[in-house]
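*Asks:* The following block contains the structure, expressed as structure tokens.
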DNA sequence: GTCTATATGGCGATAGAC
DNA sequence: GTCTATCGCCATATAGAC
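Chains as they are written, first to last, in the UniProt record's numbering: chain Y, 1 to 193; chain G, 1 to 193.
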């Protein structure tokens, strides 16, 4: 295969992924048809199959792309400063990044497909959750040396993520609303004091 | 309609619901066919349509049944005793009840269908989550009068539910495992002290 | 490799007898 | 109301020309 052909091949594959990603995010796996993806990507249906084998192959490629590129949480650099301010900044960033239409759709998708595509949540945990837990745990260990910082980091991240899932994905805003600030404030108070 | 006919009607409807429930739980909405439900319930496909109109009607009936009867969380009687023991008991009960194959499948289902069937998560919040939050909030208000007990209750329940979702539904056991006891112990310490 | 056209099967929903 | 048999559609996947 010449360099030019390979380049064209990659371009086509990326063109397909770019077209398929919003379709899977918006409609989920079962409700997204290969016809629809072909149309959205601007290629013929057969081209999808030559590049990705079948629908599952295309979906798995999409999941890897999402976990590795699109939905990286927070930053990877270590946290610095006073605990109260550091935790507040981290909470704000995390809430802002997760409370985004595409990210919420991503979470819905990996939960919905956690049985039939078990690799998808694993990619999510490895590339998105684990790094966030790691930098928070390492920071806490420098400031709360006698406590179980790994468990506390889980509680911190878990309470925030659950808040978003409940309010946004489960439509909790309409049933059991609560101000985000109260969750953040009390969570920080519990941990710092 | 005579009493006998009505009784037969109800029996048939319940027979259908009983057959359809495990199918929807195990395979989700899109992957469950009306043929499969008819077979599982031991009735003809036409009978499904006579009683519930269409697939959506049957699914909504299933959701109501699950939220109202099958997945009631914890108990509704007020909590009593010392905070540390009360919180520990509540955590254990909540974890045990949520970490059940059917309950996990129920959570997966309402998240997966939260867009196309937005009533399903609302039923879940009203019948399952809200009562649990209520009794915990009322208990905390008797023992921690100066604190924002509603927010703390959300943090408590949220951290536990998120732990189960991450470990069980997202297969976190294999990627980022942690002992449940550490989550419970540290959560209680944060709140009580 | 990429296209147009097609094969094949399963789906939700219905018709008509009883 | 309940059954058997069937319709019409859309899904995934493939065939064959270029």
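Cβ atoms here follow ideal geometry from the backbone N, Cα and C, with glycine treated the same way.
Enumerate in chain order the residues of its own chain whose CB-to-CB distance from residue 211(G) is below 6 Å, with the five nearest sequence positions on each side excluded.
*Replies:* Here chain G comprises residues numbered 1 to 193, so residue 211(G) is not present and cannot be evaluated.
*Asks:* Does the stretch 145–162 of chain Y come within contact of the stretch 48–65 of chain Y, defined as at least 3 CB pairs closer than 8 Å?
*Replies:* no
*Asks:* I need the boundaries of the alpha helix (DSSP H) containing residue 31(G), first residue and last residue.
*Replies:* The sequence position of residue 31(G) within the second chain is 31, counting from 1. If you look at residue 31(G), you'll find it isn't in any alpha helix (DSSP H); DSSP assigns it neither H nor E.
*Asks:* By the 8 Å beta-carbon criterion, what residues does the stretch 136–150 of chain Y contribute toward chain G?
*Replies:* 147, 148, 150
*Asks:* In three-state DSSP terms, what is residue 113(Y)?
*Replies:* The sequence position of residue 113(Y) within the first chain is 113, counting from 1. Coil at residue 113(Y), not helix or strand.
*Asks:* What number of angstroms, rounded off, separates the C-alpha of residue 107(Y) from the C-alpha of residue 100(Y)?
*Replies:* Numbered from its first residue, the first chain carries residue 107(Y) at position 107. Numbered from its first residue, the first chain carries residue 100(Y) at position 100. Cα to Cα, residue 107(Y) sits roughly 11 Å from residue 100(Y).
*Asks:* Please return the same chain residues whose Cβ sits closer than 6 Å to the Cβ of residue 21(Y), not counting the five positions on each side in sequence.
*Replies:* Reading the first chain from its first residue, position 21 is the one you call residue 21(Y). So the list reads 62, once near-sequence residues are dropped.
*Asks:* So the candidates are 190(G), 31(G), 24(G), 148(G); which of them puts its Cα closest to the Cα of residue 159(G)?
*Replies:* The residue you call residue 159(G) lines up with position 159 of the second chain. Nearest C-alpha to residue 159(G): 190(G).
*Asks:* In the structure shown, what three-state DSSP assignment does residue 148(Y) receive?
*Replies:* Residue numbering aside, residue 148(Y) sits at position 148 when the first chain is read from its first letter. Coil.
*Asks:* Just curious, the alpha helix (DSSP H) that residue 91(G) is in, first and last residue?
*Replies:* By 1-based counting over the second chain, the position of residue 91(G) is 91. Element bounds for residue 91(G): 83–98.
*Asks:* Work out the CA separation of residue 167(Y) and residue 173(Y) for me, nearest whole Å.
*Replies:* As a working note, residue 173(Y) is residue 173 in the first chain. As a working note, residue 167(Y) is residue 167 in the first chain. For residue 173(Y) and residue 167(Y), the distance between alpha carbons rounds to 5 Å.
*Asks:* Using the beta-carbon count (16 or more within 10 Å), is residue 32(Y) buried or exposed?
*Replies:* As a working mapping, residue 32(Y) is identified with position 32 in the first chain. Looking at its Cβ environment, which holds 16 or more other Cβ atoms inside 10 Å, residue 32(Y) is buried.
*Asks:* Output needed for residue 95(G): all residues of its chain with C-beta closer than 7 Å, excluding positions within five of it in sequence on either side, in chain order.
*Replies:* Residue numbering aside, residue 95(G) sits at position 95 when the second chain is read from its first letter. Same-chain partners within the cutoff: 160, 164, 180.
*Asks:* Give the residues from the UniProt domain "HTH tetR-type" (10–70) of chain Y that approach chain G closer than 9 Å (Cβ to any Cβ), ordered along the chain.
*Replies:* 26, 27, 28, 29, 30, 31
*Asks:* So with CB distances below 8 Å, who are the chain Y contacts of residue 124(G)?
*Replies:* Translated into positions along the second chain, residue 124(G) becomes position 124. Here the neighbours are 170.
*Asks:* Within a Cβ cutoff of 7 Å, which residues of the same chain sit near residue 45(G), ignoring the five residues on either side of it in sequence?
*Replies:* As a first step, residue 45(G) is located in the second chain; it is residue number 45 there, counting from the start. For residue 45(G), where only same-chain residues beyond five positions count, the Cβ hits under 7 Å are 34, 35, 38.
*Asks:* Give the DSSP-derived three-state secondary structure of residue 118(G) in the structure shown.
*Replies:* Locating residue 118(G) in the second chain gives position 118, counting from the first residue. Here residue 118(G) sits in coil by DSSP.
*Asks:* Nearest CA to the CA of residue 104(Y): which residue from 14(Y), 178(Y), 139(Y), 28(Y)?
*Replies:* Taking the first residue of the first chain as position 1, residue 104(Y) is located at position 104. If we check each option's Cα against that of residue 104(Y), 28(Y) comes out closest.
*Asks:* Could you spell out the range, first to last residue, of the alpha helix (DSSP H) harbouring residue 51(G)?
*Replies:* The count along the second chain starts at 1 and reaches residue 51(G) at position 51. Start and end: 45–52.
*Asks:* Ends of the alpha helix (DSSP H) at residue 78(Y)?
*Replies:* By one-based count along the first chain, residue 78(Y) stands at place 78. Residue 78(Y) -> no alpha helix (DSSP H), and no H or E assigned at all.
*Asks:* Run the CB neighbour count on residue 162(Y), radius 10 Å, all protein chains shown included, and call it buried at 16 or more, exposed below.
*Replies:* In the first chain, the residue the question calls residue 162(Y) occupies position 162. The residue in question, residue 162(Y), is buried, as its Cβ has 16 or more Cβ neighbours within 10 Å.
*Asks:* Counting only the same chain and skipping the five closest in sequence on each side, list residues whose C-beta sits under 6 Å from that of residue 196(Y).
*Replies:* Residue 196(Y) lies beyond the stretch modelled for chain Y, which goes from 1 to 193, so this question has no answer here.
*Asks:* Using the C-alpha atoms, what's the distance from residue 84(G) back to residue 90(Y)?
*Replies:* Position 90 of the first chain, counted from the start, is the residue given in the question as residue 90(Y). Position 84 of the second chain, counted from the start, is the residue given in the question as residue 84(G). About 29 Å.
*Asks:* Determine, using beta carbons only, whether residue 108(G) comes closer than 7 Å to chain Y.
*Replies:* Translated into positions along the second chain, residue 108(G) becomes position 108. Yes, residue 108(G) lies at the interface with chain Y (some Cβ there is under 7 Å from its Cβ).
*Asks:* Counting contacts by CB-CB distance shorter than 7 Å, is residue 4(G) in contact with chain Y?
*Replies:* The residue given as residue 4(G) occupies position 4 in the second chain. Its pLDDT being 46, under 50, residue 4(G) is placed unreliably in this model, and the coordinates cannot settle the point.
*Asks:* Sort 15(G), 143(G), 137(G) by Cα distance to residue 223(G) and report the nearest one.
*Replies:* This structure cannot settle anything about residue 223(G), because the visible part of chain G is limited to 1 through 193.
*Asks:* I'd like to know if residue 153(G) contacts chain Y, where contact means its C-beta is closer than 7 Å to some C-beta of that chain.
*Replies:* Residue numbering aside, residue 153(G) sits at position 153 when the second chain is read from its first letter. Residue-level contact by beta carbon fails for residue 153(G) and chain Y, as no gap is shorter than 7 Å.
*Asks:* Starting from the beta carbon of residue 81(G), find every residue of chain Y whose beta carbon is closer than 8 Å, and list them in chain order.
*Replies:* In the second chain, counting from the first residue as 1, residue 81(G) sits at position 81. Chain Y residues near residue 81(G): none, gap ~21 Å exceeds 8 Å.
*Asks:* Here's the rule: buried if 16 or more other CB atoms are within 10 angstroms of the residue's CB, otherwise exposed. What is residue 73(G)?
*Replies:* In the second chain, residue 73(G) corresponds to position 73, counting from 1. Classification for residue 73(G): buried.
*Asks:* Would you please verify whether the beta carbon of residue 187(Y) is less than 7 Å from any beta carbon of chain G?
*Replies:* As a working note, residue 187(Y) is residue 187 in the first chain. Closer than 7 Å to some Cβ of chain G, the Cβ of residue 187(Y) qualifies, so yes.
*Asks:* Ignore the nearest five residues each way along the sequence and tell me which others in residue 23(G)'s own chain have a CB closer than 8 Å to its CB.
*Replies:* Counted from its first residue, the second chain places residue 23(G) at position 23. Cβ neighbours of residue 23(G) beyond the five flanking positions: 32, 36, 37, 40.
*Asks:* Determine the burial state of residue 75(Y): buried for a count of at least 16 other Cβ atoms within 10 Å of its Cβ, exposed for fewer.
*Replies:* For the purposes of this step, residue 75(Y) is taken as the residue at position 75 of the first chain. Under this definition residue 75(Y) is an exposed residue.
*Asks:* With a threshold of 16 other CB atoms inside 10 Å of the CB of residue 146(Y), please say whether the residue is buried or exposed.
*Replies:* Translated into the one-based positions of the first chain, residue 146(Y) becomes position 146. So residue 146(Y) counts as exposed.
*Asks:* Return yes when the Cβ of residue 125(Y) is within less than 7 Å of the Cβ of residue 176(G), no when it is not.
*Replies:* Looking up residue 176(G) in the second chain gives position 176. Looking up residue 125(Y) in the first chain gives position 125. Yes, Cβ-Cβ distance for residue 176(G) and residue 125(Y) is below 7 Å.
*Asks:* Only counting the same chain, and skipping five residues up and downstream in sequence, which positions put a Cβ closer than 7 Å to that of residue 71(Y)?
*Replies:* Taking the first chain and counting its residues from 1, one reaches residue 71(Y) at position 71. Here residue 71(Y) has 103, 106, 128 as same chain residues with Cβ atoms under 7 Å from its own Cβ, once five neighbours each way along the sequence are excluded.
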